[in-house]
Amino acid sequence: MSISQEQVNREHILRYKLERLRDQHHVYWKQRAHIAWPTKGDRNTKFFHAQALERRRRNLVEKLEEGVGFVKGKQLKSYIANQYQQLFPTSIDAVSNAQMAEVLECVQSRVTQEMNEALMKPFMDDEIWAALEGEFLEGGSGNISRAASPLHAEAMAALYSLQHCAQLGMTKVILETDASILGRALKSLEMDRSPYGAMFLLIRDLMYWQFNECNISVCPRSCNKAADSLATYGACVLAPGSHEFMSQAPDFISLLLSRDKPEPMC
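Quick note: the sequence shown uses the UniProt record's numbering, first residue 1, plus one each step.
Listed below in structure tokens is the structure:
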């Protein structure tokens with residue numbers, strides 16, 4: 001009876017799982033043994049296991065001496081907690097309010113009065129809705145100076161947009177671009193050795209370390225009229241080299257977006 005390719009593949013999978021279980025077993029006893037592991041090694045014997053278990057029993061606190069008696073059993077947990085509660089507040093209570101205020105005067109405040117008032121304001125309905133639905137953010141409003149090529153300009157715009165999103169504390173971001181080459185460069189490593197490879201690597205690092213979720217969406221240029229119009233508008237109204245971002249989309253963008261909606265099927 002011949003062996004099929006499916007059976008061969010299944011055997012390879014089972015062998016891989018077995019090796020993983022052996023590695024986990026090895027790490028488990030290494031962590032249990034601690035200091036005994038470098039000298040005893042992986043002997044996997046009954047004596048070695050008993051030695052590791054004995055170490056655990058030896059580190060177990062069964063009772064504590066208090067005056068002429070002992071505290072043990074269920075009272076041991078509350079006794080230890082009370083001891084620490086009495087230990088730490090004593091050093092804090094010894095410092096008077098005047099001394100504490102004198103120390104705090106030397107500490108530079110990171111939150112200004114205006115920032116504190118903004119943080120203490122009650123939430124508005126539109127702010128809650130924007131947080132739930134996501135926020136519209138224009139990337140690259142303004143001229144990008146000294147761009148060597150269109151691809152370089154697209155990469156710089158993506159980098160500035162992600163940096164601004166990180167400063168705003170965003171955790172989930174969708175980076176939309178109509179530059180298919182930029183999308184391919186950010187989704188793979190094939191262009192890391194190109195002249196702009198260092199910038200592609202910087203953008204990917206920013207996506208990986210600064211956000212919980214960051215997806216790249218490449219849309220056709222014909223469906224991206226709103227973004228092209230925003231780029232033209234931002235280049236005209238902002239100074240060259242500006243990294244400013246508009247607080248909201250201009251009114252004409254709504255008309256462009258409505259035109260991009262799919263037509264009803266006949």
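The beta-carbon is built from N, C-alpha and C at its ideal position, and this holds for glycine as well.
Measure the alpha-carbon distance for residue i versus residue j and round it to whole angstroms.
{"i": "residue 60", "j": "residue 4", "result": "55 Å"}
{"i": "residue 12", "j": "residue 192", "result": "34 Å"}
{"i": "residue 245", "j": "residue 124", "result": "At residue 245 the pLDDT is 49, less than 50, meaning the model places this residue with poor confidence; the figure from the coordinates comes in the next sentence. If I take the Cα positions, the gap works out to 23 Å."}
{"i": "residue 211", "j": "residue 82", "result": "42 Å"}
{"i": "residue 22", "j": "residue 14", "result": "12 Å"}
{"i": "residue 208", "j": "residue 179", "result": "21 Å"}
{"i": "residue 18", "j": "residue 190", "result": "35 Å"}
{"i": "residue 24", "j": "residue 16", "result": "13 Å"}
{"i": "residue 168", "j": "residue 108", "result": "23 Å"}
{"i": "residue 6", "j": "residue 28", "result": "33 Å"}
{"i": "residue 99", "j": "residue 116", "result": "25 Å"}
{"i": "residue 217", "j": "residue 195", "result": "23 Å"}
{"i": "residue 268", "j": "residue 97", "result": "Absent from the structure is residue 268, since the part of the chain shown begins at 1 and ends at 266."}
{"i": "residue 66", "j": "residue 110", "result": "47 Å"}
{"i": "residue 8", "j": "residue 126", "result": "59 Å"}
{"i": "residue 26", "j": "residue 10", "result": "24 Å"}
Measuring alpha carbon to alpha carbon, tell me which of the options ends up nearest residue i.
{"i": "residue 219", "options": "13, 63, 176", "result": "176"}
{"i": "residue 164", "options": "195, 126, 203, 189", "result": "203"}
{"i": "residue 62", "options": "69, 68, 73", "result": "73"}
So, under 8 Å CB-CB, residue i and residue j are touching, yes? Tell me the CB distance rounded to an integer number of Å.
{"i": "residue 87", "j": "residue 76", "result": "Contact doesn't hold; Cβ gap of about 17 Å is too wide."}
Cβ atoms of residue j and residue i: under 8 Å apart, would you say?
{"i": "residue 174", "j": "residue 215", "result": "yes"}
{"i": "residue 79", "j": "residue 71", "result": "yes"}
{"i": "residue 155", "j": "residue 206", "result": "no"}
{"i": "residue 213", "j": "residue 172", "result": "yes"}
Contact between the segment 150-159 and the segment 177-189 (3+ Cβ pairs under 8 Å): The segment 150-159 is in contact with the segment 177-189.
Is the segment 159-176 in contact with the segment 199-208, if contact means three or more CB pairs nearer than 8 Å? Result yes; three or more Cβ-Cβ pairs closer than 8 Å.
Between the segment 116-127 and the segment 98-106, do three or more beta carbon pairs fall short of 8 Å? The segment 116-127 is not in contact with the segment 98-106.
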